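Those protein sequences? They're chains A and B, same order as listed. So for the first sequence, this note's numbering puts the first residue at 1; every next one is plus one. So for the second sequence, this note's numbering puts the first residue at 1001; every next one is plus one.
Protein chains: 2
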Amino acid sequence: MSVTLADVEEAAACLKGVAHRTPVMESSTLSSLADKHLYFKCENFQRVGAFKFRGACNAIKHLPKDQMANGVVTHSSGNHAQALALAAKLNGIPAHIVMPKGSPAVKVNAVKEYGGMVHFCEPNQAAREATCDSIAAETNAVFVHPYNNPYIIAGQGTAALELLHDVGELDAIVAPVGGGGLLSGTVVAAKAIHPGIRIFGAEPVNADDAQRSLQSGERITSHASPPDTVCDGLKTVLGDQTWPIIKDGVESIITVTEAEIMEAMQLVYERMKLVIEPSSATAIAAVLSPTFKAMKDIKRVGIIISGGNVDLAKLNWLPLK
Amino acid sequence: MSVTLADVEEAAACLKGVAHRTPVMESSTLSSLADKHLYFKCENFQRVGAFKFRGACNAIKHLPKDQMANGVVTHSSGNHAQALALAAKLNGIPAHIVMPKGSPAVKVNAVKEYGGMVHFCEPNQAAREATCDSIAAETNAVFVHPYNNPYIIAGQGTAALELLHDVGELDAIVAPVGGGGLLSGTVVAAKAIHPGIRIFGAEPVNADDAQRSLQSGERITSHASPPDTVCDGLKTVLGDQTWPIIKDGVESIITVTEAEIMEAMQLVYERMKLVIEPSSATAIAAVLSPTFKAMKDIKRVGIIISGGNVDLAKLNWLPLK
Chain A
1 MSVTLADVEE AAACLKGVAH RTPVMESSTL SSLADKHLYF KCENFQRVGA FKFRGACNAI
61 KHLPKDQMAN GVVTHSSGNH AQALALAAKL NGIPAHIVMP KGSPAVKVNA VKEYGGMVHF
121 CEPNQAAREA TCDSIAAETN AVFVHPYNNP YIIAGQGTAA LELLHDVGEL DAIVAPVGGG
181 GLLSGTVVAA KAIHPGIRIF GAEPVNADDA QRSLQSGERI TSHASPPDTV CDGLKTVLGD
241 QTWPIIKDGV ESIITVTEAE IMEAMQLVYE RMKLVIEPSS ATAIAAVLSP TFKAMKDIKR
301 VGIIISGGNV DLAKLNWLPL K
Chain B
1001 MSVTLADVEE AAACLKGVAH RTPVMESSTL SSLADKHLYF KCENFQRVGA FKFRGACNAI
1061 KHLPKDQMAN GVVTHSSGNH AQALALAAKL NGIPAHIVMP KGSPAVKVNA VKEYGGMVHF
1121 CEPNQAAREA TCDSIAAETN AVFVHPYNNP YIIAGQGTAA LELLHDVGEL DAIVAPVGGG
1181 GLLSGTVVAA KAIHPGIRIF GAEPVNADDA QRSLQSGERI TSHASPPDTV CDGLKTVLGD
1241 QTWPIIKDGV ESIITVTEAE IMEAMQLVYE RMKLVIEPSS ATAIAAVLSP TFKAMKDIKR
1301 VGIIISGGNV DLAKLNWLPL K
């Protein structure tokens, strides 16, 4: 199934009254630093604190009617786990969440608070998938992938849909890219509404599979070694459903260093008074990079602030300047 | 001069298009914890990151015409200094800011960035006042007190005016209290609009002059020793112009511990994704206190989030729960 604007619009209808219609914020300081007019779509204010709730909700709304009651299963220790747990709860169906043994208690508890049933597995990809498979076989729960799923992609695209509705035409949108659900959804929505709009991804240089994929024209399906980045949500690689959309619709992926990510993150805390997670800061850092600033014909830029879930005590805060 | 609703409304007219009309936010998590419906007036999004810009702007707009060009002078190392510097700059007049020697470079630089002229003095109250006096004598600049000034009080009252306009009638409003500019302005605006509304102050137990003043009926004019609190903005004592308004219009002052302040602050970061300063967290902590929760007839509560200027690297972040 290819994903179209109609799918995104249909997702938006499903999310109405369920997901928050998050505000778009502006900052004269950041706009001035970027030398462009920036519009920030604040998914850190979304339910569960991240855009992931959009896709999870849309995926559940589209479960085959006769399978709905069996519930859903996924493997995730991040925002998708919480998003799917809450979306399932709101629909009165069970959510089985497979998490690696040794996951931080705070993440396990968050899933449980939203009513998810946590199943532990060995901390490797094979064990995650095998555990999901066996739960699905036992309960008939439907597997909901965190990004490689057309309903997830369409759901995540609703953020860009709302952004463009609220601020009108933009020259560009920049979104972080991990598995590519948010970025591909953004492409689908924005390019259909304004074909001339330019879409950019932002990712840590230490997890640059999307940039290398786009440059080589071939999807990179694994990292050589586990990516060393503070952006937990961006360690995954592109999926075979998000990749073709990104390949066709994304102009380039801008990579940023860990230091640039932390600086951009703290700038948003200090000047915009917003709590964002490091993954979101990649998009801010990208917009502040010399590469992006050099694109003088880009004046009005949307940035998707993907989420605000972060362990404040674990961050290396920089001294005030 | 007594301050009236008309003064607050006139201040609001002066601030239109100059100060931000800050949003009111809600949080189902915090409302649930407080067992009341909470409305947060987000002055952390105000220019210079705090409500102080309202009063400073209004005071400058009301300078005698023939003295306007001489500019303004004040002593402050906090939000009032930045607010007055920016308000002066926007009106094209000089701002002389007296700061104690040894003030953090970041605060000095912030004032300079807004165009303020910084004058250093010995770090004691007498030196601050003497330096202000000598600058005023030399330049004819008008002294603008951070809170003990009717135009400052009226300006700060515009936050409550907007809050009530946006959310309708409330049972109570809670605001932090230091010198009392924000709290007295809130009384003036809110009590005139809804005479039955109940107004509460919130302050650190380690800087409880307002509570002791209200309990004894006599304004306490100094602390026995320098207050030991993370809330820089709440170390001052009530002024003789803010005190009568607070005495008449505030039901009680709720005091909170340093631990309660930090917990409430972090709760707002983690659940509302807002960066607030510790002074603002006193009002959140007060609303979450057993004392306040016991007032079951109070259901709809406005909270003034006074500002978001904080040195993130200096906070003792608590581990995630």
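Each residue gets a CB set at the ideal place from its N, CA and C atoms; glycine is no exception. Computed from a predicted model, the values in this text were never measured in an experiment.
For B/F1292, the enclosing alpha helix (DSSP H) stretches over residues 1290 to 1293. In the structure shown, A/C121 falls within a strand segment according to DSSP collapsed to helix, strand and coil. Separation of B/T1074 and B/K1235 (C-alpha to C-alpha, rounded to the nearest whole angstrom) is 17 Å.
Listed along chain B are V1275, L1312, each with a C-beta nearer than 8 Å to that of A/Y269. Note on A/A88: 16 or more other CB atoms within 10 angstroms of its CB, so buried under the neighbour-count rule. B/I1254 is bridged by DSSP to B/A1202. Using a CB distance cut-off of 8 Å, A/W243 does not count as an interface residue toward chain B. When CB distances to chain A are screened at a threshold of 8 Å, the residues of the region 1255 to 1267 of chain B falling below it are Q1266, in chain order. Counting every other CB atom within 10 Å of its CB across the protein chains shown gives A/N109 a total below 16, marking it as exposed. For B/P1176, there is no enclosing alpha helix (DSSP H); the residue is part of the beta strand (DSSP E) that begins and ends at 1172 to 1176. In the DSSP assignment, A/M262 forms no beta bridge with any residue. Straight-line measurement puts the Cα of A/L170 at about 7 Å from the Cα of A/L164. Taking B/R1128 as the centre and dropping the five residues before and after it, the same chain places the C-beta of H1075, V1098, C1121 closer than 6 Å to its C-beta, in chain order.
Within 7 Å of the CB of B/G1308, the CB atoms of chain A belong to K273, in sequence order along the chain. Against A/P319, the close residues of chain B are A1313, in the order they occur along the chain (beta-carbon pairs closer than 7 Å). With contacts defined by Cβ atoms closer than 8 Å, B/A1081 and A/L318 do not form a contacting pair. In the three-state scheme derived from DSSP, where H, G and I count as helix and E and B as strand, A/F51 is classed as coil. Note that the region 1271 to 1278 of chain B does not touch the region 1144 to 1153 of chain B; fewer than 3 beta-carbon pairs, one per stretch, sit closer than 8 Å. When DSSP states are grouped into helix, strand and coil, A/H165 belongs to the helix group. In this structure the region 1029 to 1036 of chain B does not lie against the region 1101 to 1116 of chain B, because fewer than three pairs of beta carbons, one per stretch, are closer than 8 Å.
For B/V1188, the enclosing alpha helix (DSSP H) starts and ends at 1181 to 1193. Residues of chain B whose Cβ lies closer than 9 Å to the Cβ of A/G49 are, in chain order, E1270, R1271, K1273. For A/P244, the secondary structure class from DSSP, reduced to helix, strand or coil, is helix. Under the three-state reduction of DSSP output, B/L1318 falls in the coil class, being neither helix nor strand.
Taking the C-beta atoms as reference points, B/L1090 is found nearer than 8 Å to B/V1018. A contact is defined here as three or more CB-CB pairs under 8 Å, and the region 1190 to 1204 of chain B meets this definition with respect to the region 1234 to 1250 of chain B. Counting C-beta atoms within 10 angstroms of its own C-beta, A/E162 has 16 or more neighbours from the protein chains shown and is therefore classed as buried. A direct Cα-Cα distance of roughly 40 Å separates A/S306 from B/I1060. Going by DSSP, B/P1278 is part of the alpha helix (DSSP H) stretching over 1278 to 1287. At a C-beta separation below 7 Å, A/F40 has no neighbours in chain B, since its nearest C-beta there lies roughly 12 Å away. Look at B/L1274 here: in three-state DSSP terms it is strand.
Here B/A1286 has V1174, F1200, A1202, I1254, V1256, F1292 as same chain residues with Cβ atoms under 7 Å from its own Cβ, once five neighbours each way along the sequence are excluded.
Around the beta carbon of B/D1209, 16 or more other beta carbons lie within 10 angstroms, which makes this residue buried. Straight across, the Cα-Cα distance linking B/A1013 with A/S28 is about 23 Å. Secondary structure note for A/V73: its beta strand (DSSP E) is the uninterrupted segment 72 to 75. When the Cα atoms are used, B/P1023 and B/K1041 turn out to be separated by approximately 6 Å.
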